[in-house]
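Counting in our numbering, the sequence shown runs without a single skipped number right up to 624 at its last residue.
Following: one structure in structure tokens, then a few remarks.
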Amino acid sequence: MASSFPRLDLIVVGGGNAGLCAAMSAADTGKSVLLLERAPEEWRGGNSKYTRDIRCCQEPDEFATGRYGEEEFLDDLLRVTHKETNLELANLTVHESNTIPSWMEKHGVTWQKPLKGTLGLSRTNRFFMGGGKALVNTYYQHCKKSGVNILYNARVEDIAIGDDGSFKNIVVNNGASSRLEYSSNSLIVAAGGFEANIEWHKKYWNGAADNFIIRGSKFNDGLVLKTLVNLGVRAVGNPKQFHAIGVDARSPKFEGGIITRIDSIPFSIVVNKFGKRFYDEGEDLWPKRYAIWGKLIAEQPNQIAYSVFDSKTLENFLPTMYAPNKADSISGLAGLIGLESSSLEETVKNYNNHIDGVGRFNPSVLDDCKTIGLDPPKSHWALKIDSPPFYAYTLRPGITFTYLGVAVDSSARILMSDGKPINNMYAAGEIMAGNILTQGYLAGFGLTIGTVFGRIAGERAASKQS
Ligand SMILES: Cc1cc2nc3c(=O)[nH]c(=O)nc-3n(C[C@H](O)[C@H](O)[C@H](O)COP(=O)(O)OP(=O)(O)OC[C@H]3O[C@@H](n4cnc5c(N)ncnc54)[C@H](O)[C@@H]3O)c2cc1C
């Protein structure tokens, strides 16, 4: 059934940060925009509603503790991606990030003064007041004021390209009996990755995927991404790569957000279900390492692990939503978390026997408390686990987002498999982040990509004549 809207200038699919930035940019120029958000209103905002900060080039001010320039930003990106990035798009993103703070302010965002904590990022990142929920609410209000039409419960299920190779229409399921067709001069897709689609993860992780916990939106099932790939669009990014951290095993399956993250790892030992350590918990500063632990746990038997520590280090990381397990002895702790006590006791004893013992513990820097002759080593913050009470968190892989996406050019136009751009179809945000982020992660960079490419897509689509 055809929709009742008059001919629209632009349709945006997905109401997270990238889609909202695109819709606002186009509406700012007076164009008619329809935003289709699959979630009901109370769940709108995708993964973006869980964010706290955005990475951008900036000079020191009351919200940034120092200078972060283009050269350093690009260096950081090249390091985490091992230089596997589309350099043109990476440069563009870094350069465009200079104007992000003022653009966000113009669209209603206010900032929070620098915070202290385990993820101290206030030189490279800006924290918005109220976190991601406030960010998306502010943008939705701005969209409403600018006349953007917003439909909730609007699941885009199909996209059609005409004989001339340009966007023709989309098919939307709104839960009612009829499926609606919408057409417009241009289309922007900003519907996230496939992180919430356990069956899709199973293609690469088999049954292990059943033990994944999805930190963000349950609505990001990758249907739009799959539809585009089936249309012959060029895919980018390794489908097995994701950003994943260690979360509390008691977290909800979906939508746990930021508060389920466990930060005890660098101040603990982490063992698998056999009570054995498997990776250097103190390899580097936590902001540089937290995002590898989801994959490490996903690779362990039954995708489960346990962070074990004692009373000396309890105060050194952010408090958690759920209290840790607590016991007066290691064997008592093993009983609480379901590990064989002799294995855990042996691992703790062996670890304690290999502590160097001459270093000075300092949780804020790469200190010289390390193990000697232990495999795997613990390179920093290695203190004996000998002061009761003893504590443990049970951990699962917490999937943040996936890296598979669609290829775009510097105008955010989607590329077909032969490399030719589709004239009036654009992508922004997580659905195209794999052009730039192929592996690794820089905190706050997801929103940077979405804001930069959302703005570009909105402006370019708005400049198209009907
Ligand atoms: C817990 C957590 C914390 C994070 N913290 C940060 C942070 O502090 N800083 C940072 O930069 N990044 C952070 N990230 C990553 C960040 O959330 C993403 O990079 C960014 O929000 C992606 O924005 P997006 O608009 O592309 O996708 P999303 O915000 O996920 O939006 C996608 C939207 O598309 C909609 N959608 C999906 N399928 C369809 C369909 N078929 N039809 C219509 N609509 C559809 C969804 O409902 C959703 O609203 C965090 C992620 C999580 C999970």
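We treat Cβ as the ideally placed atom computed from N, Cα and C, and that holds for glycine.
Residue j beta carbon less than 8 Å from that of residue i
i, j, result
"Ala312", "Asn332", "yes"
"Gln461", "Ala402", "no"
"Gly117", "Ser409", "This structure cannot speak to residue 117, because the chain is shown only from 159 to 624."
"Ser469", "Pro547", "yes"
"Ser255", "Thr558", "no"
"Ile513", "Leu541", "yes"
"Val382", "Val171", "yes"
"Asn283", "Ile212", "yes"
"Ala194", "Val347", "Per the sequence shown, residue 194 should be read as Leu rather than Ala. Cβ atoms of Leu194 and Val347: not closer than 8 Å."
"Ile420", "Leu553", "yes"
"Ala197", "Phe377", "yes"
"Leu279", "Phe286", "no"
"Ala185", "Gly266", "no"
"Ala620", "Thr209", "no"
"Leu494", "Ala485", "yes"
"Arg281", "Tyr226", "yes"
"Ile530", "Val506", "no"
"Ser575", "Gly390", "yes"
"Leu345", "Ile169", "yes"
Any non-hydrogen atom of ligand 1 within 7 Å of residue i CB
i, result
"Asp368", "no"
"Arg202", "yes"
"Val588", "The question names Val, yet the displayed sequence has Glu at residue 588. Result yes, Cβ under 7 Å from ligand 1."
"Thr282", "no"
"Leu472", "no"
"Arg313", "yes"
"Leu381", "yes"
"Ala349", "yes"
"Phe400", "no"
"Ala619", "no"
"Glu242", "no"
"Ser304", "no"
"Ser375", "yes"
"Ser206", "yes"
"Phe231", "no"
"Glu195", "yes"
"Val387", "no"
"Asn175", "yes"
"Arg210", "yes"
"Gly604", "yes"
"Ile416", "yes"
"Val405", "no"
"Thr478", "no"
"Gly608", "yes"
"Gly323", "no"
DSSP bridge partner residues for residue i (one or two, in chain order)
i, result
"Val405", "Arg419, Arg554"
"Asn307", "Leu192"
"Ser341", "Asn327"
"Arg313", "Asn331"
"Asn483", "Ala550"
"Tyr584", "Ile346, Arg571"
"Gly563", "Val394"
"Phe400", "Thr560"
"Trp269", "Phe286"
"Tyr464", "Val429, Thr552"
"Ile319", "Phe325"
"Pro198", "In the DSSP output, where bridge partners are listed per residue, Pro198 has none listed."
"Asp219", "Ala222"
Boundaries (first-last residue) of the beta strand (DSSP E) holding residue i
i, result
"Asp233", "Run containing Asp233: none in the beta strand (DSSP E); it sits in the alpha helix (DSSP H), 228 to 238."
"Arg571", "571 to 573"
"Asp167", "166 to 171"
Below-8 Å beta-carbon distance, residue i vs any chain D residue
i, result
"Ser522", "The chain inventory of the structure shown lacks chain D, comprising one protein chain alone."
Limits of the alpha helix (DSSP H) - the one that residue i falls within
i, result
"Gly502", "The residue asked about is misnamed: residue 502 is Leu in this sequence, not Gly. First-last of the alpha helix (DSSP H) with Leu502: 499 to 511."
"Ile495", "488 to 495"
"Ile530", "Note, Ile530: premise wrong, no alpha helix (DSSP H); not H, not E."
"Tyr362", "356 to 363"
"Arg225", "First-last for Arg225: undefined, no H or E at that position."
"Asn283", "Unbroken run through Asn283 is the beta strand (DSSP E), 283 to 285; no alpha helix (DSSP H)."
"Asn474", "No alpha helix (DSSP H) contains Asn474, which DSSP labels as neither H nor E."
"Ile212", "Run containing Ile212: none in the alpha helix (DSSP H); it sits in the beta strand (DSSP E), 211 to 213."
"Val429", "No alpha helix (DSSP H) contains Val429, which is instead part of the beta strand (DSSP E) from 427 to 429."
"Arg618", "603 to 620"
"Lys446", "444 to 447"
Counting beta carbon pairs with one atom in the stretch 305 to 321 and one in the stretch 553 to 568, are three or more of them shorter than 8 Å? no
Three or more beta-carbon pairs under 8 Å between the stretch 429 to 443 and the stretch 488 to 505, yes or no? yes
May I ask you to verify whether the stretch 355 to 362 touches the stretch 593 to 600, counting CB pairs closer than 8 Å and requiring at least 3? no
Are three or more beta carbon pairs between the stretch 573 to 593 and the stretch 606 to 619 nearer than 8 Å? yes
Contact between the stretch 168 to 185 and the stretch 290 to 298: three or more CB pairs below 8 Å? yes
Quick test of the definition: if touching needs 3 or more C-beta pairs under 8 Å, does the stretch 215 to 223 touch the stretch 379 to 395? no
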